[in-house]
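This report refers to the structure that appears directly beneath it.
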Amino acid sequence: MIGYAAVVQDFTFLCGKTLAALARPPWYIRETIFQMDRIGVGSIFIVVLTGLFTGMVLALQGAVQLEPYGATMYVSRLISTSVVRELGPVLAALMIAGRVGTGIASEIASMKVTEQLDALRAEGTDPLQKLAATRLVACVLVIPLLTIITNGVAILGGWLIARLYLGIDSFFYWTWAFEALRQRDLVLGLIKPAVFGFLIAMVGCYSGFSSRGGTVGVGVSTTQAMVSGSILILAFDFFLTKLFMAIP
Amino acid sequence: MIEIHDVSLTLGEQQVLRRVSFQVAEGATTVILGGSGSGKTTLLRLMLGLYKPTSGFIRIGGEDITEFSETDLTRIRQNMGMVFQGAALFDSLSVRENVGYRLWEHHLQPDEDIHRIVEDNLRFVGLEHVIDKMPAELSGGMRKRVGIARALASGAAILLYDEPTAGLDPVNTFAIGQLIARLKTKGVTQVVVTHDLDTAYRVADRIVMIVSGRILFEGTAQDLRNCRDQSVREFLDPASAVTA
Ligand SMILES: Nc1ncnc2c1ncn2[C@@H]1O[C@H](COP(=O)(O)OP(=O)(O)O)[C@@H](O)[C@H]1O
Ligand SMILES: [Mg+2]
């Protein structure tokens, strides 16, 4: 228990120090853009697939639920709200945690094992500025964009099923898909992935920097980034939703 | 000049250094000898300010760096180059970018001058032909020499080497000994950590021997040869110690 408290404390410190590192020059803009490209473009394929299958399965399951009430044609309402509020941000973030968070952790952990972190400091570079801050900014900016793609593709996937199997009119589908969304859904739908981006980057960095025990430690850090990242995403999703519901 | 004064360091549960004191004279080459795990790397990290001593202090060029912030340390480190044990080249950068890293990072020279300095230093270590390769494409000995070129390129007046010849074949070992000897004549202050006696005798102005985090011997190469201390003899000539 004390161990966990210490980890939470260390993690909070690292977040604070990284934010402080962001506040002072130098800013590694080129490195940040490179990371955005790596994280963003590299993840498009997996978030498209995630969105597509999520939307399709929601259409199938939603139709079953709505059928007794004769409301099958409103399935797009159900798809767009559940995707934009919950499933899009959470599933995209979980997939990205698996791909990007672990990548950040293993890269930094390997740099630690091979003394590259020490070498950076010896050369007068703060690893928090060069490695953590750049990845943090990249994740916070790019993951909301990836989530928008996920949401769009999911609603599109639902439309495919609605069209092919449920015989729902396209115009009707899209009208209700957008009609159902409130402005606050869209706001929350962008705040969530930004927060998840923060968590993915910082958990990845924390796992990497705190890596111990040579090359074995690199593997441990990678796994830790995946597991802790995913759990934090789910927990923060709950609390953010709760918080937002409390706002009138 | 580097002054290590009564330095102790505890890492985790382990007391790694115990009341270590010695001085590295300006322009001289000091060799730190010791078996593995004796605390040699730790000592170099302390000199760079990568660790802080638990007690005692370290002065570099007259400044006590013990309580320095990272910003002040960065200023001190501008004057120091470190050759890490595994070279610690940045994987994501080419040899050229590695060697010129500090100059580019801090905009210390105009771009074309940096290219020239990088080329000069790679030539000095005999590796100008790998300038556009990535570290992963180099052999262990080449990486180490690139690591030396990186330390040199910064123009630092103090160079620290962590086991520069460990794991190298005799040809590379000799070449690196040669490099260190050549830098000696240029007036660079050097601290060479090693457990290779030949290299130590070849380059050392002074030798410090450290065992289990304690200084066992300090003096010139000649003093070391003449030293009759039992533990020192054991390190220098384990076979005789076993038969004795
Ligand atoms: N970060 C650390 N935490 C705990 N113990 C350490 C750490 N770094 C080194 N040590 C211990 O300190 C001792 C000296 O290490 P080191 O300076 O690397 O030895 P050397 O370079 O002489 O082989 C070793 O016993 C090592 O286990
Ligand atoms: Mg060592």
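Protein chains in written order, with my numbering: chain A, 1 to 248; chain B, 1001 to 1244. All C-beta atoms in this analysis are idealised placements derived from N, C-alpha and C, irrespective of residue type, glycine included. Quick caveat, the model's predicted, so the values are computed rather than measured.
Checklist entry - Leaving out five residues before and five after residue 1215 (chain B) in sequence, what residues of the same chain have Cβ atoms less than 8 Å from its Cβ? => result Residue numbering aside, residue 1215 (chain B) sits at position 215 when the second sequence is read from its first letter. Hits under 8 Å: 1020, 1021, 1022, 1208, 1209.
Please list the partners that residue 118 (chain A) has in chain B, where partner means a Cβ-to-Cβ separation under 9 Å. Taking the first sequence and counting its residues from 1, the one referred to as residue 118 (chain A) is at position 118. Within chain B, the residues near residue 118 (chain A) are 1045, 1048, 1050, 1082, 1084, 1088.
Q: Answer yes or no: the CB of residue 1196 (chain B) versus the heavy atoms of ligand 2, is any distance below 7 Å?
A: By 1-based counting over the second sequence, the position of residue 1196 (chain B) is 196. Not so, every heavy atom of ligand 2 lies at least 7 Å from the Cβ.
Using a Cβ-based criterion (distance less than 7 Å to any ligand heavy atom), does residue 1008 (chain B) qualify as near ligand 1? Here the question's residue 1008 (chain B) lines up with position 8 in the second sequence. The answer is no for residue 1008 (chain B).
| query | How many angstroms separate the CA atom of residue 1010 (chain B) from the CA atom of residue 117 (chain A)? | reply | For the purposes of this step, residue 1010 (chain B) is taken as residue 10 along the second sequence, with counting starting at 1. For the purposes of this step, residue 117 (chain A) is taken as residue 117 along the first sequence, with counting starting at 1. Straight-line Cα distance between these residues: approximately 21 Å.
*asked:* Considering Cα atoms alone, identify which of B:1145, B:1016, B:1139 is closest to residue 1176 (chain B).
replied: Sequence index remark: in the second sequence, residue 1176 (chain B) carries index 176 (1-based). Cα-wise, what sits closest to residue 1176 (chain B) is B:1145.
Worksheet item: Quick one: does residue 126 (chain A) have its CB under 8 Å from some CB of chain B?
Response: Position 126 of the first sequence, counting from 1, holds the residue named residue 126 (chain A). At least one chain B Cβ lies under 8 Å of residue 126 (chain A).
Checklist entry - Taking the beta strand (DSSP E) that residue 1195 (chain B) falls in, what are its first and last residues? => result Taking the second sequence and counting its residues from 1, the one referred to as residue 1195 (chain B) is at position 195. That residue, residue 1195 (chain B), is in no beta strand (DSSP E); it is neither H nor E in DSSP.
| request: Compute the minimum distance between the beta carbon of residue 214 (chain A) and the heavy atoms of ligand 1, and state whether it is under 7 Å. | output: Within the first sequence, numbered from 1, the residue matching residue 214 (chain A) stands at position 214. For ligand 1, not one heavy atom lies less than 7 Å from the Cβ of residue 214 (chain A).
| message | Counting only Cβ-Cβ distances shorter than 7 Å, please list the residues of the segment 1098 to 1126 of chain B near chain A, keeping chain order. | response | 1101, 1102, 1105, 1106
Check: Going by the C-beta, is residue 115 (chain A) closer than 7 Å to any heavy atom of ligand 2?
Finding: Position 115 of the first sequence, counted from the start, is the residue given in the question as residue 115 (chain A). The answer is no for residue 115 (chain A).
| query | Which of helix, strand or coil does DSSP assign to residue 1068 (chain B)? | reply | By 1-based counting over the second sequence, the position of residue 1068 (chain B) is 68. Residue 1068 (chain B): coil per DSSP, three-state reduction.
Residue from B:1173, B:1152, B:1116 with nearest C-alpha to residue 1140 (chain B): Against the second sequence, residue 1140 (chain B) aligns to sequence position 140. Among B:1173, B:1152, B:1116, the Cα nearest to that of residue 1140 (chain B) is on B:1173.
Review point. Going by the beta-carbon positions, is the gap between residue 1013 (chain B) and residue 1189 (chain B) smaller than 8 Å?
Key: Taking the second sequence and counting its residues from 1, one reaches residue 1013 (chain B) at position 13. Taking the second sequence and counting its residues from 1, one reaches residue 1189 (chain B) at position 189. The answer is no: Cβ separation not under 8 Å.
Own chain residues within Cβ distance below 7 Å of residue 1104 (chain B), not counting five before or after = Within the second sequence, the letter at position 104 stands for residue 1104 (chain B). 1114.
What separation, rounded to the nearest whole angstrom, lies between the Cα atoms of residue 1244 (chain B) and residue 1054 (chain B)? As a working note, residue 1244 (chain B) is residue 244 in the second sequence. As a working note, residue 1054 (chain B) is residue 54 in the second sequence. With a pLDDT of 48 at residue 1244 (chain B), under the threshold of 50, the modelled position of this residue cannot be trusted; read the value that follows with caution. Distance between the alpha carbons of residue 1244 (chain B) and residue 1054 (chain B): 39 Å.
Cβ separation of residue 1156 (chain B) and residue 1124 (chain B), assumed to be a contact under 8 Å, to the nearest whole Å: Within the second sequence, residue 1156 (chain B) is the residue found at index 156, counting from 1. Within the second sequence, residue 1124 (chain B) is the residue found at index 124, counting from 1. Rounded, the Cβ-Cβ distance is 14 Å, inconsistent with contact.
Query - Same chain, Cβ closer than 8 Å to residue 168 (chain A), five either side skipped, listed in chain order - result: Numbered from 1 along the first sequence, position 168 holds the residue referred to as residue 168 (chain A). The residues are 72, 73, 75, 76, 162.
Assuming residue 1206 (chain B) contacts residue 1187 (chain B) (C-beta within less than 8 Å), just tell me the rounded distance between them.
Translated into positions along the second sequence, residue 1206 (chain B) becomes position 206. Translated into positions along the second sequence, residue 1187 (chain B) becomes position 187. So it is not a contact: roughly 16 Å between Cβ atoms.
- Query: Closer than 7 Å: is that where the CB of residue 1049 (chain B) sits relative to any heavy atom of ligand 1?
  - Reply: Position 49 of the second sequence, counted from the first residue, corresponds to residue 1049 (chain B). No.
To the nearest angstrom, how far is it from the Cα of residue 122 (chain A) to the Cα of residue 158 (chain A)?
Reading the first sequence from its first residue, position 122 is the one you call residue 122 (chain A). Reading the first sequence from its first residue, position 158 is the one you call residue 158 (chain A). Each residue's alpha carbon lies about 54 Å from the other.
Near-chain B residues of the segment 69 to 88 of chain A (beta-carbon distance less than 8 Å), N- to C-terminal order: none
**Item:** Three-state secondary structure (DSSP) of residue 1109 (chain B)
**Value:** Counting from 1 along the second sequence, the entry for residue 1109 (chain B) is found at position 109. DSSP, reduced to helix, strand and coil, places residue 1109 (chain B) outside both helices and strands of the structure shown, so it counts as coil.
CA nearest to the CA of residue 1046 (chain B), picked from B:1239, B:1077, B:1029, B:1034
Your numbering for residue 1046 (chain B) matches position 46 in the second sequence. For the options B:1239, B:1077, B:1029, B:1034, the alpha carbon positioned closest to that of residue 1046 (chain B) is the one of B:1077.
Query raised in the report: What residue does the alpha helix (DSSP H) around residue 56 (chain A) start on, and which one ends it?
Result: Along the first sequence, one-based indexing puts residue 56 (chain A) at 56. Where residue 56 (chain A) is concerned, the enclosing alpha helix (DSSP H) stretches over 29 to 66.
Using a cut-off of 9 Å between C-beta atoms, extract the partners of residue 1059 (chain B) located in chain A.
For the purposes of this step, residue 1059 (chain B) is taken as the residue at position 59 of the second sequence. Chain-order list of chain A residues neighbouring residue 1059 (chain B): empty, with the shortest C-beta distance near 19 Å, by a criterion of under 9 Å.
*Can you list the residues near ligand 2, meaning Cβ strictly closer than 7 Å to any non-hydrogen atom, in the order they appear in the chain?*
Qualifying residues come out as B:1036, B:1040, B:1041, B:1085, B:1162, B:1163, B:1193.
request  = Ignoring anything shorter than 4 residues or poking outside the segment 180 to 216 of chain A, list the alpha helix (DSSP H) runs there in chain order.
outcome  = With a minimum length of 4 residues, the continuous alpha helix (DSSP H) runs that stay inside the segment 180 to 216 of chain A are 183 to 209.
Closer than 8 Å to chain B by CB, residue 38 (chain A):
Counted from its first residue, the first sequence places residue 38 (chain A) at position 38. Not an interface residue.
Notebook entry, point to check: So, using beta-carbon positions, are residue 1039 (chain B) and residue 1213 (chain B) closer together than 8 Å?
Noted result: Position 39 of the second sequence, counted from the first residue, corresponds to residue 1039 (chain B). Position 213 of the second sequence, counted from the first residue, corresponds to residue 1213 (chain B). Yes, Cβ-Cβ distance for residue 1039 (chain B) and residue 1213 (chain B) is below 8 Å.
Task: 7 Å Cβ shell around residue 45 (chain A) - same chain, five flanking residues per side excluded - done: Stepping through the first sequence from its first residue, residue 45 (chain A) is reached at position 45. So the list is empty, once near-sequence residues are dropped.
| field | Contact with chain B by residue 122 (chain A), beta-carbon distance below 8 Å | value | For this step, residue 122 (chain A) is matched to residue 122 along the first sequence. Yes, residue 122 (chain A) counts as interfacial toward chain B.
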